[in-house]
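Presented below is the structure to which this report refers.
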Amino acid sequence: MSEDDATRPVPREPATERIGTPAAVAPGGETRPTGERRMNWLWAVIGVLAFAVVVLLVLLFLRPGPTPGDATATPTQSAAPTPPPAEPTPEPTTEPAPPPATGPVFTSFTAEPATADCSGGVASVPLVFSWSSEDATEAWIGVGTTDAQAAPYEAVPTSASGYSNLAFQCSEESQVYTVTISGPTGVTHHSVTIVRG
Numbered sequence: 001m002s003e004d005d006a007t008r009p010v011p012r013e014p015a016t017e018r019i020g021t022p023a024a025v026a027p028g029g030e031t032r033p034t035g036e037r038r039m040n041w042l043w044a045v046i047g048v049l050a051f052a053v054v055v056l057l058v059l060l061f062l063r064p065g066p067t068p069g070d071a072t073a074t075p076t077q078s079a080a081p082t083p084p085p086a087e088p089t090p091e092p093t094t095e096p097a098p099p100p101a102t103g104p105v106f107t108s109f110t111a112e113p114a115t116a117d118c119s120g121g122v123a124s125v126p127l128v129f130s131w132s133s134e135d136a137t138e139a140w141i142g143v144g145t146t147d148a149q150a151a152p153y154e155a156v157p158t159s160a161s162g163y164s165n166l167a168f169q170c171s172e173e174s175q176v177y178t179v180t181i182s183g184p185t186g187v188t189h190h191s192v193t194i195v196r197g
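If you're matching positions, the sequence shown starts at 1 in UniProt numbering and goes up one per residue.
This is how it looks when you write it as structure tokens:
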């Protein structure tokens, strides 16, 4: 290269006009290229979508949970039909056994009179007791007690008709009389209260 070449101007190519979309005119009279306008629209759409996503997420997370009454069962179909519920198998029932005998029993018991007639100034009124029992081997009668075996007036037969060895004392308002029977399976008491009339 010579020295002359260094100072010589470089030829420029003639200016050419672009052929394509014309530049957009912005408010205020200045022109903007169309690509910049598209980019602005793209950012605006992205901003609106981002805002919508944020709003939806906030609504989903701040929504109250379902209450127990809101839960509903949704029927579902299964491939195989559901078999009908099986009938419960009845369990064999047995009648409860009668309770074992707890002692001898009275089959009857009477005491007469139920009210002692102490009118006319009498000191005592004769009483008549009758009873019958089963499974008894011993018996006692007592006055003023509910256990004639523990506090007997005297030993008596296990069944009696017309026992009259006791009298109601008219000095008392009432008196308790008891017959107690005993057997191999236990003891049974029968008490009666005679009142003054």
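All C-beta atoms in this analysis are idealised placements derived from N, C-alpha and C, irrespective of residue type, glycine included.
Presumed contact (8 Å Cβ cut-off) between residue i and residue j, rounded CB distance
i: Ala111; j: Val176; result: So it is not a contact: roughly 11 Å between Cβ atoms.
i: Ser124; j: Gln169; result: 5 Å
i: Val105; j: Asp135; result: 7 Å
i: Thr158; j: Ser133; result: 5 Å
i: Ala151; j: Phe129; result: Contact flag wrong, Cβ pair sits at about 17 Å.
i: Thr178; j: Thr146; result: 5 Å
i: Ala97; j: Ile194; result: In fact, because the Cβ distance is near 39 Å, the residues do not count as touching under 8 Å.
Residue of the options minimising C-alpha distance to residue i
i: Ala116; options: Ser171, Ala160 and Trp131; result: Ser171
i: Tyr163; options: Leu127, Pro104 and Leu49; result: Leu127
i: Thr121; options: Asn40, Phe61 and Arg196; result: The question names Thr, but residue 121 is Gly in the sequence shown. Nearest C-alpha to Gly121: Arg196.
i: Leu166; options: Met39, Glu173, Tyr153 and Pro104; result: Tyr153
Residue i, buried or exposed, once every other Cβ within 10 Å from all chains shown has been counted against 16
i: Ala148; result: buried
i: Gly35; result: exposed
i: Gly142; result: buried
Test item: CB-CB of residue i and residue j under 8 Å
i: Gly186; j: Thr102; result: yes
i: Trp140; j: Thr180; result: yes
i: Phe190; j: Phe109; result: Note on residue identity: the sequence assigns His, not Phe, to residue 190. A contact, by the Cβ cut-off of 8 Å.
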